[in-house]
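Student: In the working numbering, the protein residues as written are -17 to 131.
C-beta atoms are modelled at their ideal positions from N, C-alpha and C, and glycine is treated no differently.
The model shown is predicted, which means the values in this text are computed figures rather than measured ones.
Sharing a structure below in structure tokens format, with a few things to ask.
Have a look at this one:
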């Protein structure tokens, strides 16, 4: 017997990916969180998904060795996936707390290939810091979608 799908199960939040990276005197670990309702647009061509547009929320911890402080940030972002080239673009604001200097905010953009290798560029306004990071991502979305009701 197949259990009935409930309304609450549609809002189950699961990790879409885990990324680890370094660059610009920073080391970071991040989780991308998503739900089954995160897809905005999906365009197919003969049953093959060619374009995918969705949103996610990213929680990121990083250590800034330039300022010698730990930071935790929340980054809501939108993703655009062009599956012909397996290219992922993510863009969004970021807001967070730095251990010594306090509140900070900014924006970032990520460019990824094969959902594994990413380059992230960003700017933090209060600390007046521009950064670039190289990230290694482990995609978990396909794994969790197997267990979704």
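Among 74, 63 and 64, which has the Cα closest to the Cα of residue 55?
Tutor: Here the question's residue 55 lines up with position 73 in the chain shown. When only C-alpha atoms are compared, the closest one is 74.
Student: Out of curiosity, what's the CA-to-CA distance linking residue 9 and residue 70?
Tutor: Your numbering for residue 9 matches position 27 in the chain shown. Your numbering for residue 70 matches position 88 in the chain shown. Distance between the alpha carbons of residue 9 and residue 70: 22 Å.
Student: Please return the same chain residues whose Cβ sits closer than 6 Å to the Cβ of residue 34, not counting the five positions on each side in sequence.
Tutor: Position 52 of the chain shown holds residue 34. These residues qualify, in order along the chain: 24 and 63.
Student: Starting from the C-beta of residue 45, find all residues in its chain whose C-beta is less than 6 Å away, skip the five residues before and the five after it, and write them out in chain order.
Tutor: Against the chain shown, residue 45 aligns to sequence position 63. Correct list, in chain order: 9 and 52.
Student: Cα-Cα, which of 48, 88 and 12 is closest to residue 105?
Tutor: Reading the chain shown from its first residue, position 123 is the one you call residue 105. That would be 88, whose Cα lies nearest to the Cα of residue 105.
Student: Are the beta-carbon atoms belonging to residue 122 and residue 1 less than 8 Å from one another?
Tutor: For this step, residue 122 is matched to residue 140 along the chain shown. For this step, residue 1 is matched to residue 19 along the chain shown. No; because the gap between Cβ atoms is not below 8 Å, this pair is not in contact.
Student: Could you pull out every residue in the same chain whose Cβ sits closer than 6 Å to the Cβ of residue 82, ignoring the five residues on either side in sequence?
Tutor: The residue labelled residue 82 in the question sits at position 100 within the chain shown. Excluding positions up to five away in sequence, the list reads 51.
Student: Hey, could you find the ends of the beta strand (DSSP E) residue 14 is sitting in?
Tutor: The count along the chain shown starts at 1 and reaches residue 14 at position 32. Where residue 14 is concerned, the enclosing beta strand (DSSP E) stretches over 8 to 16.
Student: List the endpoints of the continuous beta strand (DSSP E) containing residue 73.
Tutor: Residue mapping note: residue 73 aligns to position 91 of the chain shown, counting from 1. 69 to 80 is the span of the beta strand (DSSP E), which, as asked, contains residue 73.
Student: Based on the DSSP output, what are the partners of residue 101 in its beta bridges?
Tutor: If you number the chain shown from 1, residue 101 lands on position 119. DSSP output for residue 101 lists 93 and 116 as bridge partner(s).
Student: What three-state label does DSSP hand residue 108 in the structure shown?
Tutor: On the chain shown, residue 108 is found 126 positions in, with the first residue counted as 1. In the structure shown, residue 108 sits in coil (DSSP, three-state: anything other than H, G, I, E or B).
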